[in-house]
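Participant:
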Amino acid sequence: MATVLAIETSCDETAVAIVSGREVKSSIISSQIPVHRQYGGVVPEVASRAHLEIINDIITQAMVDAQLGWEEIDGIAATCAPGLVGALLVGMTAGKTLAMLYSKPFLGVHHLEGHIYATYLSEPTLKPPFLSLLVSGGHTSLIHVQECGAYKTLGETRDDAAGEAFDKVARLLKLGYPGGPAIDRIASQGNSKAFVFPEGRVSLPNGGYHPYDASFSGLKTAVLRVVQQIEQTGAPIPVEDIAASFQATVAQALTKRAVRCALDYELDTIAVGGGVAANSALRKTLTAACAENNLRVLFPPLKFCTDNAAMIGCAASEHLALGNTSSLSLGVHSRLAL
Ligand code: KG4
Ligand code: ZN
Numbered sequence: 001m002a003t004v005l006a007i008e009t010s011c012d013e014t015a016v017a018i019v020s021g022r023e024v025k026s027s028i029i030s031s032q033i034p035v036h037r038q039y040g041g042v043v044p045e046v047a048s049r050a051h052l053e054i055i056n057d058i059i060t061q062a063m064v065d066a067q068l069g070w071e072e073i074d075g076i077a078a079t080c081a082p083g084l085v086g087a088l089l090v091g092m093t094a095g096k097t098l099a100m101l102y103s104k105p106f107l108g109v110h111h112l113e114g115h116i117y118a119t120y121l122s123e124p125t126l127k128p129p130f131l132s133l134l135v136s137g138g139h140t141s142l143i144h145v146q147e148c149g150a151y152k153t154l155g156e157t158r159d160d161a162a163g164e165a166f167d168k169v170a171r172l173l174k175l176g177y178p179g180g181p182a183i184d185r186i187a188s189q190g191n192s193k194a195f196v197f198p199e200g201r202v203s204l205p206n207g208g209y210h211p212y213d214a215s216f217s218g219l220k221t222a223v224l225r226v227v228q229q230i231e232q233t234g235a236p237i238p239v240e241d242i243a244a245s246f247q248a249t250v251a252q253a254l255t256k257r258a259v260r261c262a263l264d265y266e267l268d269t270i271a272v273g274g275g276v277a278a279n280s281a282l283r284k285t286l287t288a289a290c291a292e293n294n295l296r297v298l299f300p301p302l303k304f305c306t307d308n309a310a311m312i313g314c315a316a317s318e319h320l321a322l323g324n325t326s327s328l329s330l331g332v333h334s335r336l337a338l
């Protein structure tokens, strides 16, 4: 297996890892969350500058932690899409420069392919075909993983991503940024049956519902209405109960679609990835539903659910072993299908 130095700078984490196959030799994640918190969300220009300030130190630290010399690195990888263009450019430029400097093959990796590979890091037995449920701040997708590089998207969100819904609902409940972990924490003290929120089904022209697609913008609006109604009465907002009910609705919506999709496509394993894979309600609901339906469900360790470079390195290691490389003229893209 190829030993890869991988860089991930698509959003607000500056991350560098050294990975050989499924073995993580070092992984450093420097989060910009404290920088962006004061603005209530990620500010793209601030993110690019923060990546630039720290990327060289993180690369050096990853090499020191792995106790490897450059002669032992077989290739360099960097996330090329999707994400914030300025932020992606920092990691890609650093990666290409290292590849040129040390005469190594270079590979641009799709961020979502990285999230799919996060599960491989903890599960040596996992191999395609399986169903990937990708739930992050930017995506909510059900992906049929056929083999390395062959992915078929079977379901998506029609509007907000699951993580985006968590962040928006957290903002309106004044829970701060990032919203997912804040809602997860406070929901543990609430009653998840206190409010009934709409699950957000996507209608089909024949009068039925799309079995795998999701929609979270209606759910967010329903939460807003409840908050506004309670505010009008002057009563205190039951933040814990609203958070727990909202979280349970999202967990249920994702679970239903993922289980149905796995059964329909006769895939016996669901591998969950992305920041929302850290959510405790989703873990519990999906694990129970998979047990009932004789499906295997795999969640990456929490540190590999949210953005990291180890997942990018894991994907790159397999691609490089197959002889796949990118040209140094490869560009970055804010949006790109998997
Ligand atoms: O994968 P990720 O780090 O970045 C993207 O590629 O988007 O995901 C970040 C998203 C944020 O929306 C954050 O609120 C959400 O993941 N998140 C969570 C939890 N931890 C992070 N959502 C729900 N529960 C959590 N425990
Ligand atoms: Zn991500």
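Numbering-wise, UniProt numbering puts 96 at position 96 of the sequence shown, and it's gapless, one number per residue.
The beta-carbon is built from N, C-alpha and C at its ideal position, and this holds for glycine as well.
1) By a C-beta neighbour count over all protein chains shown, 10 Å radius and 16 as the cutoff for buried, is Pro302 buried or exposed?
2) What residue does the alpha helix (DSSP H) around Thr255 start on, and which one ends it?
3) What are the start and end residues of the alpha helix (DSSP H) that includes Thr97?
4) Could you give the uninterrupted runs of the alpha helix (DSSP H) lying entirely in the segment 108-182, keeping only those of 4 residues or more?
5) Compute every distance between the C-beta of Ala118 and the non-hydrogen atoms of the ligand KG4, then say whether any falls below 7 Å.
6) Using only the alpha-carbon positions, how far apart do Pro211 and Ile230 sit?
7) Can you tell me which of the three DSSP states Ile73 falls into?
8) Would you give the residue range spanned by the alpha helix (DSSP H) that Val276 belongs to?
9) Excluding the five sequence neighbours on either side, which residues of its own chain have a C-beta within less than 7 Å of the C-beta of Val85, listed in chain order?
10) Can you list, in chain order, the residues of its chain whose CB lies under 6 Å from that of Ser215, leaving out five sequence neighbours each side?
11) Excluding the five sequence neighbours on either side, which residues of its own chain have a C-beta within less than 7 Å of the C-beta of Gly275, listed in chain order?
12) Quick one: grab the DSSP three-state call for Glu199.
13) Nearest by alpha-carbon distance to Leu134: which of Gly91, Lys152 and Pro124 is it?
14) Tell me which residues share the same chain as Ala195 and place their Cβ nearer than 7 Å to its Cβ, disregarding the 5 neighbours each side in the sequence.
15) Work out the CA separation of Ile312 and Ile28 for me, nearest whole Å.
Facilitator: Based on what the coordinates show:
1) Indexing the sequence shown from 1 puts residue 302 at position 302. Per the sequence presented here, residue 302 reads as Leu, with Pro not at that position. Leu302 is exposed by the Cβ-count criterion.
2) Numbered from its first residue, the sequence shown carries residue 255 at position 255. Val239 to Asp264 is the span of the alpha helix (DSSP H), which, as asked, contains Thr255.
3) By 1-based counting over the sequence shown, the position of residue 97 is 97. Unbroken alpha helix (DSSP H) run through Thr97: Val85 to Leu101.
4) 111-118 and 162-172
5) Here residue 118 refers to the residue found at position 118 of the sequence shown. Answer for Ala118: no, Cβ out of range of the ligand KG4.
6) Here residue 211 refers to the residue found at position 211 when the sequence shown is read from its first residue. Here residue 230 refers to the residue found at position 230 when the sequence shown is read from its first residue. Looking at the two C-alpha atoms, the distance is approximately 34 Å.
7) Looking up residue 73 in the sequence shown gives position 73. Looking at Ile73 - three-state DSSP - the assignment turns out to be coil, as it is neither helix nor strand.
8) The residue you call residue 276 lines up with position 276 of the sequence shown. No alpha helix (DSSP H) holds Val276; DSSP gives it neither H nor E.
9) As a working note, residue 85 is residue 85 in the sequence shown. Closer than 7 Å at the Cβ level, and outside the excluded window around Val85, lie Val332 and Ser334.
10) Here the question's residue 215 lines up with position 215 in the sequence shown. So the list reads Arg158, Asp159, Gly200 and Val202, once near-sequence residues are dropped.
11) As a position in the sequence shown, residue 275 is number 275, starting the count at 1. Closer than 7 Å at the Cβ level, and outside the excluded window around Gly275, lie Ser136, Gly137, Gly163, Gly180, Cys305 and Thr306.
12) Position 199 of the sequence shown holds residue 199. Residue state, collapsed to three classes: coil.
13) Within the sequence shown, numbered from 1, the residue matching residue 134 stands at position 134. Cα-wise, what sits closest to Leu134 is Lys152.
14) Along the sequence shown, read from residue 1 onward, the residue named residue 195 stands at position 195. Checking the sequence shown, residue 195 turns out to be Phe, not Ala. Cβ within range, chain order: Val226, Asp241, Ile242 and Ser245.
15) Looking up residue 28 in the sequence shown gives position 28. Looking up residue 312 in the sequence shown gives position 312. So the alpha carbons of these two residues sit roughly 13 Å apart.
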